[in-house]
């Protein structure tokens, strides 16, 4: 809420937060799981992580919607989401409007590696896009962005502001986001946390004692529709990237390449995203 208030006061219309910003990306946690074995302590840790995850109803949602409304700002927030009817968790990205509240939710459709221990898969209903006064919003989380068909599902909806929260802090990730911007002819907002081992609560330090002090370098970046880096990458420090984006550049970039128009060749290729919802218009 404090970050939203601060940057809304500076004139920001859209604020993006990293992957699983609430309750936190569980980097270094094994949850006591190896192939064929689980531990009681790992189950207890999972229960604590579940307890601190977000229900998109009731008080949790009311607080987030109020934050967007009171600060007159669009929020895209990475969370670990839970449902009251079962014990599964999802790595989700939620879209909040200052007037309409929760617009929708993208659940990561394919968690990577050992993330699959704690996060279930989303389905095609998670491939959401939103038409808002600040632009057409959509995006994917972390290594979903390496899935060509998932990217195409965003391009087909004409996404202008492609949001890509991640936990990948490699320099190569920046190149991936530049490629997505060029391929999709859209602005790409890449967001990642910077954190060190010493930032962990004392109760969990023993879980990461063998890791390096700098556990995630960050690397947040903003890229233009022609692949130019506008802000960042922000390495090895906390901070916020701010940019003024001209959506006319999205149209200009499509003069010579349009992934959803004159460069599509629908006579040769057919694309179907089973169950993907239509773009939701936020009537403001």
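Residue numbers (the working numbering): 1026 to 1309. Ideal placement from N, C-alpha and C gives every residue a C-beta, glycine not left out.
Beta-carbon separation (whole angstroms), residue 1184 vs residue 1211, contact threshold 8 Å: Between residue 1211 and residue 1184 the Cβ distance is about 5 Å, and since that is below 8 Å, they are a contact.
Got a sec? Which residues, its chain only, sit under 7 Å from residue 1169 by beta carbon, not counting five neighbours each side? Once the five neighbours on either side are set aside, the close Cβ partners of residue 1169 are 1133, 1134, 1135 and 1175.
On the three-state DSSP scale, how would you describe residue 1037? coil
Please classify residue 1217: does DSSP put it in a helix, a strand, or coil? coil
If you drop the 5 nearest sequence neighbours on each side, which residues of the same chain put their C-beta closer than 6 Å to that of residue 1181? 1285
Of the residues 1092, 1155 and 1261, the one placed nearest residue 1301, counting alpha carbons only: 1155
Beta-carbon separation (whole angstroms), residue 1177 vs residue 1296, contact threshold 8 Å: 6 Å
By DSSP, does residue 1277 sit in helix, in strand, or in coil? Residue state for residue 1277 is assigned as helix, using DSSP reduced to three classes.
Identify the continuous beta strand (DSSP E) that holds residue 1256 and give its terminal residues. Residue 1256 -> beta strand (DSSP E) spans 1254-1260.
Residue 1167 in three-state terms, based on DSSP: helix
Between which two residues does the beta strand (DSSP E) harbouring residue 1158 extend? Premise fails: residue 1158 is in no beta strand (DSSP E) and is neither H nor E.
Quick check: what's the CA-CA separation for residue 1040 versus residue 1057? 35 Å
Assess contact between the stretch 1065-1085 and the stretch 1109-1116, defined as three or more Cβ pairs (one per stretch) separated by less than 8 Å. Is contact present? yes
Hey, would you say residue 1258 sits closer than 7 Å to residue 1221, going by beta carbons? Pairing residue 1258 with residue 1221 gives a Cβ-Cβ distance that is not under 7 Å.
Return the first residue and the last residue of the alpha helix (DSSP H) that residue 1092 is part of. 1083-1096
Of the residues 1197, 1205, 1047 and 1196, which one's Cα is nearest the Cα of residue 1188? The shortest C-alpha separation from residue 1188 is found at 1205.
Less than 8 Å between the CB atoms is what I'm expecting for residue 1127 and residue 1165, so what's the real figure, rounded? Not quite, the Cβ-Cβ distance comes to about 19 Å (not below 8 Å), so this is no contact.
Same chain, Cβ closer than 7 Å to residue 1051, neighbours up to 5 away in sequence not counted: Only 1074 and 1143 meet the Cβ criterion.
Please work out which residues of its chain come closer than 6 Å, Cβ to Cβ, to residue 1103, disregarding the five sequence neighbours upstream and downstream, and give them in chain order. 1042, 1043, 1044, 1045, 1046, 1118 and 1190
Cutting at 6 Å between CB atoms, please list the residues of its own chain near residue 1304, excluding the five before and the five after it. 1154, 1156 and 1182
Apart from the five residues on each side of it in sequence, which residues of its chain come closer than 6 Å, Cβ to Cβ, to residue 1278? 1210, 1250 and 1251
Range of the contiguous alpha helix (DSSP H) that encloses residue 1074: 1065-1076
Starting from residue 1106 and walking both ways along the beta strand (DSSP E), at which residues does that stretch end? 1099-1107
To the nearest angstrom, report how far apart residue 1147 and residue 1217 are at their CA atoms. Residue 1147 and residue 1217: Cα-Cα distance of roughly 21 Å.
Can you give the Cα-Cα distance for residue 1171 and residue 1242, rounded to whole angstroms? 20 Å
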